[in-house]
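Take a look at the structure below.
There are 2 protein chains.
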Amino acid sequence: MHQTSNTLTVNESTYRDLKEKILFGDMLPGRPVTLRGLAESLGVSPTPVRETVRRLTAERALSLQDNRRVSIPEMTAKRFQEIRHARLILEPELATLAMINIDKKTIKTLIDIDKNTDLALLKNDFSGYMRGNYDFHFTIYRRANNDVLLSLVESLWLQFAPYMRQVYNHLGTTALDDQHRIATKALENRDSIAFKNAIMEDLQQGMTFIGASNTLL
Amino acid sequence: MHQTSNTLTVNESTYRDLKEKILFGDMLPGRPVTLRGLAESLGVSPTPVRETVRRLTAERALSLQDNRRVSIPEMTAKRFQEIRHARLILEPELATLAMINIDKKTIKTLIDIDKNTDLALLKNDFSGYMRGNYDFHFTIYRRANNDVLLSLVESLWLQFAPYMRQVYNHLGTTALDDQHRIATKALENRDSIAFKNAIMEDLQQGMTFIGASNTLL
DNA sequence: AATCAAGATTTGTGATCACAAAAATTGGTT
DNA sequence: AACCAATTTTTGTGATCACAAATCTTGATT
């Protein structure tokens, strides 16, 4: 089936679909993935799936094993610390850059996102929580108007996202987004130091890696 | 023609070929690139080229225009500053991490690389210079043993590399790798502050963007 | 029952085919 | 000579085909 009008290419929509799956916890590590299987589940031919997989491999969201089989990359304590380190370097910086461009309307948006994130958390809707958390951070980051840094941070999120379910299962869901509220308060007060601190704290709280349990469904 | 033994896949070698072309100045901005043309010049079918292009697009080394045509992304002063900013955040950090793992043998290697880079510069072999400069930096960065940061920096190099010829044409080739020599001296003295400084200076010297001349061969 | 080799199936890879959209070419009109 | 519409060619996209390598299944031997 060929596309007829000015809609997205199959390739692009496949990419977005798969990216969202990875980003919002619908793609767990360890589970074997086949190109034909993915293609069928998305209702397309293997061709665009292959290209999407290459793309996500370049973004370190997927990896090709020596068997040439594709999968979510294995997480190690070392790699997790590397991601955490990179995030701590880039994200507070990006948030600080964004601050001058965040107006009252954006703050309102952030508060709304946060409210919905809380709701998802209460309903044990993990995917909804992941989406909310992502939206909160990237609503801020996009305001920095810095595509170069933004794409680096996107890559980092793609790398740790599949392991967040593990992390939050161990952490429990109590008081997870306190830092979000502190951040929005800091934005209202135009307190850039408090804001940067809140982003760092939020990030560090969410990046406590649970080693061991490498075999998961 | 199918591959028979445990050699690289066509895909992988195509990726490396194209990546090197971009990284070492053999791929200039503005020039229109076609998949079939690339395929023919590399002696493969369009399929692996398409996947390679997707990969390099994900790494921001190539971009797909609205025409769906692929090209080296256009450089703007803004984007150049963003790349420079990101490099200044990540590369000195990576270099500092690497320092403890750089032994005498590595320093010797760096001095050799630098010598060859000088030679290339004298012979007006720009591609050779680019390669030498890359080798110098990444011999250091790889010692940091931090794949996450390394791949972020790789992406940044892919983004500015095609524009280095412009920069160096305007800058002239005088005293460009002084900082390399200062850096190796600092390594010999195990002076981490001087080393980090040399990396930063080197990077800043090489990132003076020349605006205007957007139309080049 | 456990082990392992031989056969069948699935999977990734690369090439090719089909088609629509974009670009290049052509030819006629002013 | 300059412009523009119609035709031809080129190009990207998605599906399919061919094949080898990897995985799974099977059945015989101990």
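Sequences listed follow chains A and B, in order.
Okay, so the first sequence: first residue is 1 according to the numbering used here, each after it adds one.
Okay, so the second sequence: first residue is 1 according to the numbering used here, each after it adds one.
Heads up, the beta-carbon is just placed ideally off N, CA and C, and yes, glycines get one too.
Remember, it's a predicted structure, so these values are computed and weren't measured experimentally.
Note down, in chain order, each residue of its chain lying with its Cβ closer than 7 angstroms to the Cβ of residue i, except the 5 sequence neighbours on either side.
| i | result |
| --- | --- |
| Lys78/A | none |
| Tyr129/A | Thr117, Ala120, Leu121 |
| Ser127/A | Phe24, Gly25, Asp26 |
| Ser192/A | Thr96, Met99 |
| Ala198/B | Gln179, Ile182, Ala183, Ala186 |
| Arg131/B | Phe24 |
| Thr57/A | Ser63, Leu64 |
| Asp135/B | Ile113 |
| His146/A | The displayed chain sequence assigns Asn, not His, to residue 146/A. Correct list, in chain order: Leu94, Leu97. |
| His137/A | none |
| Asn133/A | Thr117 |
| Thr76/B | none |
How would you call residue i, buried or exposed, if buried means at least 16 neighbouring beta carbons within 10 angstroms?
| i | result |
| --- | --- |
| Lys19/A | buried |
| Arg68/A | exposed |
| Thr117/A | buried |
| Lys123/A | exposed |
| Gly8/B | The sequence given here has Leu at residue 8/B, not Gly. Under this definition Leu8/B is an exposed residue. |
| Gln204/A | exposed |
| Ile100/B | exposed |
| Arg87/B | buried |
| His170/A | exposed |
| Gly37/A | exposed |
| Asp103/B | exposed |
| Glu74/A | exposed |
| Thr184/A | buried |
| Glu12/A | exposed |
| Arg55/A | buried |
| Arg190/A | exposed |
Can you name, in chain order, every residue of its own chain whose Cβ lies under 6 angstroms from the Cβ of residue i, other than the five neighbours on each side?
| i | result |
| --- | --- |
| Phe80/B | Phe209 |
| Glu59/B | Ser155, Leu158 |
| Ser213/B | Because the pLDDT of Ser213/B is 48, which lies under 50, any placement of that residue in the model is unreliable, and the number read from its coordinates should be weighed accordingly. Contacts found: none. |
| Ser5/A | Because the pLDDT of Ser5/A is 37, which lies under 50, any placement of that residue in the model is unreliable, and the number read from its coordinates should be weighed accordingly. If we look at Ser5/A and ignore the five residues flanking it on each side, it has no Cβ neighbours. |
| Val70/B | Val33, Val53, Leu62, Leu64 |
| Ala223/A | What the structure shows of chain A is the stretch from 1 to 217, and residue 223/A is not part of that stretch, so it cannot be assessed. |
| Glu201/B | Gln179 |
| His85/A | none |
| Phe160/B | Ile83 |
| Asp66/B | none |
Could you pull the start and end residues of the alpha helix (DSSP H) that residue i belongs to?
| i | result |
| --- | --- |
| Tyr129/B | 126-142 |
| Leu8/A | That residue, Leu8/A, is in no alpha helix (DSSP H); it is neither H nor E in DSSP. |
| Arg79/B | 77-99 |
| Met200/B | 192-206 |
| Thr218/A | There is no way to answer for residue 218/A, as the model of chain A reaches only from 1 to 217. |
| Ala183/A | 178-188 |
| Asp147/A | 147-160 |
For residue i, which residues from the same chain have a beta carbon less than 8 angstroms from its beta carbon, with the 5 sequence-adjacent residues on both sides left out?
| i | result |
| --- | --- |
| Leu42/B | Thr14, Asp17, Leu18, Val49 |
| Leu35/B | Pro46, Val49, Arg50, Val53, Val70 |
| Met1/A | Caution is warranted here: a pLDDT of 38 is assigned to Met1/A, below 50, making its placement in the model unreliable, and the coordinate value is therefore given only provisionally. Taken in chain order, the list of residues that qualify is empty. |
| Thr139/A | Thr106, Thr109, Leu110, Ile113 |
| Val44/B | Val10, Thr14 |
| Arg142/A | Ala98, Leu150 |
Do residue j and residue i come within 8 angstroms of each other at the CB atom, strictly closer than that value?
| i | j | result |
| --- | --- | --- |
| Leu152/A | Leu64/B | no |
| Arg181/A | Asp125/A | no |
| Leu110/B | Ala144/B | no |
| Lys196/B | Pro92/B | yes |
| Gly206/B | Val167/B | yes |
| Glu40/A | Ile107/A | no |
| Ile83/A | Ile89/B | no |
Can you check the region 37-70 of chain B for any beta strand (DSSP E) of at least 3 residues that lies completely inside it and give the ranges in chain order?
none
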